[in-house]
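For the sequence shown, the numbering used here begins at 117 and goes up steadily by one.
Data block below; observations after.
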Amino acid sequence: MATSILLESGTNELEILEFTIGGNDYGINVAKIEEIISECDIQPVPNSADYIEGIFRRRGKVYTAINLATILGVEQRNTRDIFIITNFNQTTAAFRVDEIKMIHHLSWTDIQQPDAVIDNGREAIITGIAKLDDKMILILDFEKLLFEINPSTGIQESSVTLVEADEAHKHISILMAEDSALLRKMIIECLHKAGFEKITALNNGQEAWNLLQKYKNDKAKLAEMATCIITDI
Numbered sequence: 117m118a119t120s121i122l123l124e125s126g127t128n129e130l131e132i133l134e135f136t137i138g139g140n141d142y143g144i145n146v147a148k149i150e151e152i153i154s155e156c157d158i159q160p161v162p163n164s165a166d167y168i169e170g171i172f173r174r175r176g177k178v179y180t181a182i183n184l185a186t187i188l189g190v191e192q193r194n195t196r197d198i199f200i201i202t203n204f205n206q207t208t209a210a211f212r213v214d215e216i217k218m219i220h221h222l223s224w225t226d227i228q229q230p231d232a233v234i235d236n237g238r239e240a241i242i243t244g245i246a247k248l249d250d251k252m253i254l255i256l257d258f259e260k261l262l263f264e265i266n267p268s269t270g271i272q273e274s275s276v277t278l279v280e281a282d283e284a285h286k287h288i289s290i291l292m293a294e295d296s297a298l299l300r301k302m303i304i305e306c307l308h309k310a311g312f313e314k315i316t317a318l319n320n321g322q323e324a325w326n327l328l329q330k331y332k333n334d335k336a337k338l339a340e341m342a343t344c345i346i347t348d349i
């Protein structure tokens, strides 16, 4: 599957691949997908977690086969090999799903953020809910899923070169847009350790853009709110 889908600059749109597990509809941002495969020869790995099916080799690379149904606690309804191979945070992984359905071209205004009832105050496993005419698609936080499997895939504080904190850092305001609740938390913790205190963390680029537009004519307020912007490109 090619991931070079062109989106018009400035429209704040995204492509969501819809797939099913256990009869439920889920989604993943196409930008995180390397390819989709339907056949592979999986070699079991002894003493691995129940959601790790094993490893397989493809085009000279070795992938870990992860059973997404087991992680989500739902019943797998298809035994055929259908894997979504993801590539983000410099890590690749293969997630088994039941069925690939279609790609949806959406605006961030079509994505609703999960509320506290869903995430129970923790880093939610769902980054958003895509609202279509006849259904809702739960967009999964694959960064969190992969981090829970292998914590080394997340942001490591030990790998962040922290400058010596001083009083000037306290006055630098940072605006951040990141859809993964887990990564938002990690980035904020690293920034705090570096001495930065004024951090506005938003869920996506649309929210950040709306806030910037709100204060674009108030240069003093804009400088106070966003000396630096961190975006999930």
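C-beta atoms are modelled at their ideal positions from N, C-alpha and C, and glycine is treated no differently.
Here I200 really is in contact with I144; their C-beta atoms are around 7 angstroms apart, less than 8 angstroms. The beta carbon of D282 sits closer than 8 angstroms to the beta carbons of G311 from its chain, once the five residues preceding and following it are set aside; these are given in chain order.
The residue from I152, I149, I182 and M341 with its alpha-carbon nearest to that of Q159 is I182. With respect to G138, A185 sits close: the two C-beta atoms are nearer than 7 angstroms.
Under the three-state reduction of DSSP, T136 is assigned to strand.
Inter-segment contact for the region 163-176 and the region 245-260 is absent: fewer than three beta-carbon pairs are separated by less than 8 angstroms. A Cβ-Cβ separation of about 13 angstroms leaves T202 out of contact with K260 under the 8 angstroms criterion. For F211, the CB contacts under 7 angstroms within the same chain, skipping 5 residues up- and downstream, are I182, L184, F199, I200 and T202 in chain order. Taking the CA atoms as reference points, N194 sits about 10 angstroms from T136.
The region 326-345 makes no contact with the region 297-310, as fewer than three CB pairs between them are under 8 angstroms.
Rounded to whole angstroms, I288 and M341 show a C-alpha spacing of 9 angstroms. Looking at the DSSP output, G170 bridges to A181. Contact between I245 and I132 fails: their C-beta atoms lie close to 11 angstroms from each other, not under 8 angstroms.
DSSP places L248 outside any beta strand (DSSP E), giving it a letter other than H or E.
DSSP, read as helix, strand or coil, puts Q206 in coil. With contacts defined by Cβ atoms closer than 7 angstroms, N326 and D295 do not form a contacting pair. Taking C-beta atoms under 8 angstroms as the contact rule, K247 and D141 fail to qualify, at a distance of about 12 angstroms. Looking at H285, L130 and T343, the one whose alpha-carbon comes closest to that of T225 is L130.
Of A339, I346, E264 and M292, the smallest CA-CA separation from A165 is found for E264. Around the beta carbon of R300, 16 or more other beta carbons lie within 10 angstroms, which makes this residue buried. Here C306 carries a helix assignment [DSSP, helix/strand/coil].
Residue pairing by DSSP places T316 opposite L291 in a beta bridge.
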